[in-house]
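Heads up, the thing below is written out as structure tokens.
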Amino acid sequence: MPSSAGPSIDTITEGGRVTQVGEGQEAEETAPPVMTFGAPTAGEILAERYELVEHINNDSAGRLVWRGVDVILRRPVAVVLRYPGGDSATEMLQAAVAASRVIHPNLVGVYDAIDEDVRAYVVREWVDGRSLRELVAEGPMDPARATAVGNAVASALAAVHATGMVHGNVHPGTVMISDDGRVVLADARTDGDDSQEADIRAVGGVLYFALTGHWPHAEAPLRGATAGHGRAAIPDAVRDASGAIAAPRQVRAGVPAYLDDLTMDLLDAEIAPPSSDVLSAELGRLDIPAEDHFLDQTGTIRFTADGVEDRSPLAAAGGRKVAIGIAGLLAVALVGLLIGITTLGGDDSPETEPVARPSNSAPAGDATPAPVVRKLAIQDIRIIDPDSRQRNELDDAEKMMDGDEDKGWETDTYYSAKFSNYKKGMGVWIDLGAPHTVKSLTATLSDSGVSAALFTGNGDFPSTSQGDKDLVKGFKTRIGQPFEQHDGTKMAFDGFDPEQKYQYLLFWITELPSTERGFKLGVQEISVQGS
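And the structure:
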């Protein structure tokens, strides 16, 4: 018969593989073991449906964890039993009922919660895998994998918080990674002291732990991050003489600055954390699939033909579309050439009288009339993001030149105006197709409060692997004065030199406006006037 209480372990070895089933809810290490009467046995069927197969462990709250089978649906389940039931099991059952209302791929599914007075039990999804605590015990994660784990946890919390509920038990023992790589958050709790903010700050603790192997709980405990229920063995954060925790980049090499800053901001009680959905979006942008890691070396992707690298700045945004545009220009040029040949033909060509001949009465010394200012056609436009390896913000650039102000390009949502402090800015690269005299550029924006500047420079795509970074370095000449937290949605630049001609422009955004969900900007339309 299985013991009614045991050490705070959460694993059992099966043929050399470790199966993880969760740590349960928070409990003090000094809590007395929960007494059991009439403990279950293998083969017993609960609620005429759940067959108990194997006793796995006793979790940190003294509850019995069994591997079972739903005999109706024929699927494996985890059964968590508590003796006795009744009032002593109220919190466990309430948490299970609340968790069952949220369905999300990064949350452990809760199937049933039953109180039989003598005992109470929760039936939940069975997860084959290991906890984050166990995995990191073998060594800290690389930044990409740590980001993926943080993204999954934040995404799960966003789903929980959208219902108005709180998880309240986020720590390395309740974050589980299945054998197929799925990251799930288990064992929500209900407690009057819990808060959504504490959940979000706990994500910072999870990131810190994944990156360093240390848990930042001793001096500034997070909710669910105290030295209880088996977590005391997790190494404390590295600290300086004053007790402040060291940043992940100070603990180990190779942690990107933006990930380091985000982690420390989440742990800093003086900095208001973002909402869980904004944090999820932020980590989602940083979470790069393994097959896209080549972007680290190549910078921005360039279109190629037959394996030959294309150095043209036009090719970077459009391949086939650009080719069609060039073909169209050639066709127009051909038509013009034919008309010119017809008009300037030999003596046997009939002369056509123009509608109005130019006047010959103007004095010879008069200056040539100034060219008419008109809207210039933008031949190519794309997004420049030198400090990011992500591609999800590079789409829809063409919507800024389609003449429709109701449609445009937009950034992702950030948790601060300075792009969450992990990049200096991003911009819109504009190619007018040929050098022009430019009078002004106008950007139509989604909101006020934007800081931006306009630059001109060499638009040729750089030959180095730095991509956008080298491209930005080529834009050194600023047009007019920058706008700081502009109070309108129309931003016009008119500081162009009338003696110069311009082909390439860079609209550079340095600060985003505040919205209801975070900090985000839409650029609805960009137009250039000149001749």
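Heads up: the sequence shown is residues 245 to 775, going by the numbering used here. By construction, the Cβ of each residue, glycine as well, lies at the ideal position given by its N, Cα and C atoms.
Around the beta-carbon of residue 407, fewer than 16 other beta-carbon atoms lie within 10 Å, marking it exposed.
Membership of residue 394 in the alpha helix (DSSP H) is indicated by the continuous run 387-406. From the listed residues 302, 360 and 321, the smallest Cα separation to residue 329 is found for 360. Proximity of the region 334-344 to the region 372-387 falls short of the contact definition, fewer than three beta-carbon pairs being nearer than 8 angstroms. Taking 3 residues as the shortest admissible run, the region 659-704 contains the following complete beta strand (DSSP E) segments, listed from N- to C-terminal end: 670-680, 682-689 and 694-700.
Inclusion of residue 643 and residue 651 in the CB contact set at 7 angstroms is warranted, their separation being smaller than that value.
Shown here, residue 713 sits in a helix according to DSSP, grouped into three states. With a contact defined as Cβ atoms closer than 8 angstroms, residue 373 and residue 423 qualify at about 5 angstroms. Here residue 775 is not near residue 732, since their CB atoms are 7 angstroms or more apart. With respect to the 7 angstroms criterion, residue 723 and residue 751 are not classified as neighbours on the basis of their beta carbons.
Residue 687 places its beta carbon 7 angstroms or farther from that of residue 753. Annotation: residue 623 to residue 519 spans about 40 angstroms, alpha carbon to alpha carbon. Here the alpha carbon of residue 726 sits roughly 15 angstroms from the alpha carbon of residue 689. A residue is called buried once 16 or more other Cβ atoms fall within 10 Å of its Cβ, and residue 760, having fewer, is exposed.
Residue nearest to residue 308 within the set 699, 296, 454 and 678 is 296 (criterion: CA-CA distance). Excluding residues up to 5 positions away in sequence, 455, 498, 499, 500 and 503 lie with their Cβ nearer than 8 angstroms to the Cβ of residue 387 in the same chain. In the DSSP annotation of this structure, the continuous segment of the beta strand (DSSP E) that includes residue 422 starts and ends at 419-422. For residue 410, the closest C-alpha among the options 401, 680 and 734 is that of 401. By a beta-carbon distance limit of 8 angstroms, residue 350 contacts residue 429. Their separation comes to about 6 angstroms.
Taking 7 angstroms as the cut-off, the Cβ atoms of residue 729 and residue 684 do not count as close. Note on geometry: alpha-carbon atoms of residue 416 and residue 395 lie some 14 angstroms from one another.
Cα atoms of residue 743 and residue 680: separation of roughly 10 angstroms, rounded to the nearest angstrom. The region 706-767 is shown to contain whole beta strand (DSSP E) runs of 3 or more residues at 727-730, 734-737 and 746-755, in chain order. Assignment of residue 643 by DSSP, reduced to helix, strand and coil, places it in the helix class. Within the same chain, 509 come within 8 angstroms of residue 515 by CB-CB distance, once the 5 residues on both sides are set aside.
Taking the C-beta atoms as reference points, residue 625 is found nearer than 7 angstroms to residue 645.
Excluding sequence positions up to five before and after residue 640, its CB lies within less than 7 angstroms of the CB of 653, all in the same chain and listed in chain order. Where residue 515 is concerned, there is no enclosing beta strand (DSSP E), because DSSP gives it neither an H nor an E. For residue 375, the uninterrupted beta strand (DSSP E) segment begins and ends at 373-375. The three-state secondary structure of residue 446, taken from DSSP, is helix. In the assembly as shown, residue 331 is an exposed residue. Its beta-carbon has fewer than 16 other beta-carbons within 10 Å. Membership of residue 339 in the alpha helix (DSSP H) is indicated by the continuous run 334-344.
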